[in-house]
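The working numbering runs 4 ahead of the 1-based position in the sequence shown.
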Amino acid sequence: MKRIPPEAIVELYQRLGQLPSRSPLRRQVIQEAAQLYGVSEDTIYRALRERGKLHSTRRADYGVPRIIPKVTLERYCEIIAALKVRTCNRKGRHLSTVEAIRLLEEHGINTPDGHLLAPQNLLKKATVNRYLKLWGYDHQTLSRQPPAVRFQAQQSNECWHFDLSPSDLKQVKAPAWIEPERGNSTLMLYSVVDDRSGVVYQEYHGVYGEDVAAALRFLFAAMSAKSVENFSFQGIPQMLYMDNGPIARSQIFLRVMGYLG
Numbered sequence: 005m006k007r008i009p010p011e012a013i014v015e016l017y018q019r020l021g022q023l024p025s026r027s028p029l030r031r032q033v034i035q036e037a038a039q040l041y042g043v044s045e046d047t048i049y050r051a052l053r054e055r056g057k058l059h060s061t062r063r064a065d066y067g068v069p070r071i072i073p074k075v076t077l078e079r080y081c082e083i084i085a086a087l088k089v090r091t092c093n094r095k096g097r098h099l100s101t102v103e104a105i106r107l108l109e110e111h112g113i114n115t116p117d118g119h120l121l122a123p124q125n126l127l128k129k130a131t132v133n134r135y136l137k138l139w140g141y142d143h144q145t146l147s148r149q150p151p152a153v154r155f156q157a158q159q160s161n162e163c164w165h166f167d168l169s170p171s172d173l174k175q176v177k178a179p180a181w182i183e184p185e186r187g188n189s190t191l192m193l194y195s196v197v198d199d200r201s202g203v204v205y206q207e208y209h210g211v212y213g214e215d216v217a218a219a220l221r222f223l224f225a226a227m228s229a230k231s232v233e234n235f236s237f238q239g240i241p242q243m244l245y246m247d248n249g250p251i252a253r254s255q256i257f258l259r260v261m262g263y264l265g
């Protein structure tokens, strides 16, 4: 496909601009150009229309502040963003950009690098808001919750999920160590689940509340070799995942877990 040089289109556009809009010479100029470059008249008209269109383009320094050095403006934006975060209440209301600029100009802000005071009338609301959003310092971006990443162990015994819950659907004979004066014990279902394989080991224990000794006895049984044939669930996991209940906060439990590494 033949292509007309851009400079030829510019020259042709200028020649046509010097002729009246209804002049018959315009058609003659188009025909001569089509014969010269071996294309149709429609191709010439199409190239002229493309030449006449205005194309928007961005400045070479787009996104770079011109009045204030970028490093300085970025520092001001960091301080203003921090003020917005620190003053945010439960309803999501926080210090406005105008008030933050006023504090910077009239009083200044104490930072780890010293007292920062902005010159009067240097920072404008529109400019600060634009660069807060451009650099990711706007309140909506900073307060956005990070995406949830699902954890899954790569190998067995890398992570166990330990949990216990009261069971109202099963009853067992009261053991000899139950103390009647303390009231009725609670039947708890203790369980661990291997995160990789999904294998579950469970035991019932009658306890008074979340008993640390019962939890340790259960974990010892879970980590020990089993007498059940073809049930190889045993060993010490690298990590034990559990809720932050009384057992997890027990110093005895934490000390034993520390001994296990």
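Just so it is clear, CB atoms sit at the ideal spot from N, CA and C, and this is done for glycine as well.
Kindly give me the distance between the Cβ atoms of residue i and residue j, rounded to whole angstroms, as I take these residues to be in contact under 8 Å.
i      : j      : result
Leu193 : Gln175 : Not confirmed; about 13 Å, so no contact.
Glu162 : Gln242 : 5 Å
Val216 : Ser254 : 5 Å
Asp198 : Ser231 : Going by Cβ atoms, the distance from Asp198 to Ser231 rounds to 19 Å, so no, they are not a contact pair.
Arg200 : Ala157 : 4 Å
Trp164 : Val196 : 5 Å
Ser44  : Ala38  : 6 Å
Met227 : Phe166 : At roughly 11 Å, the Cβ-Cβ gap does not stay under 8 Å, so Met227 and Phe166 are not in contact.
Gly210 : Ile182 : 7 Å
Tyr17  : Arg53  : Going by Cβ atoms, the distance from Tyr17 to Arg53 rounds to 10 Å, so no, they are not a contact pair.
Ile240 : Leu258 : Going by Cβ atoms, the distance from Ile240 to Leu258 rounds to 16 Å, so no, they are not a contact pair.
Going by beta carbon distance, what residues of the same chain come within less than 8 Å of residue i, once the five residues before and after it are set aside?
i     : result
Tyr49 : Ile34
Cys81 : Val132, Tyr135, Leu136, Trp139, Tyr141
Specify the secondary structure class of residue i as computed by DSSP and reduced to three states.
i      : result
Ile84  : helix
Asn188 : coil
Leu193 : strand
Leu138 : helix
His98  : coil
Glu183 : coil
Asp198 : strand
Leu168 : strand
Asn133 : helix
Gln206 : strand
Tyr41  : helix
Thr260 : It is Val, not Thr, that sits at residue 260 in the sequence shown. Correct three-state label for Val260: helix.
Val211 : strand
Leu120 : strand
Tyr245 : strand
Ile72  : coil
Ile8   : coil
Can you find the residues in the same chain that come closer than 6 Å, C-beta to C-beta, to residue i, ignoring five residues on each side of it along the sequence?
i      : result
Thr115 : none
Ile256 : Val216
Gln124 : Glu109
Lys88  : His98, Leu99, His143
Leu168 : Met192, Tyr194
Leu244 : Trp164, Phe166
Are residue i and residue j touching if we call contact CB-CB under 8 Å?
i      : j      : result
Ile83  : Leu126 : no
Val132 : Ile105 : yes
Leu136 : Ala85  : yes
Leu23  : Arg31  : no
Ala51  : Ile13  : yes
Leu108 : Ala130 : no
Glu78  : Trp139 : yes
Leu191 : Pro170 : yes
Given residue i, which residues of its chain have a CB within under 7 Å of its CB, disregarding the five upstream and five downstream residues?
i     : result
Val68 : Lys74
Ile72 : Leu126
Within 8 Å of any Cβ in chain D, is that where the Cβ of residue i sits?
i      : result
Met243 : Absent here is chain D; the protein component of the structure consists of one chain.
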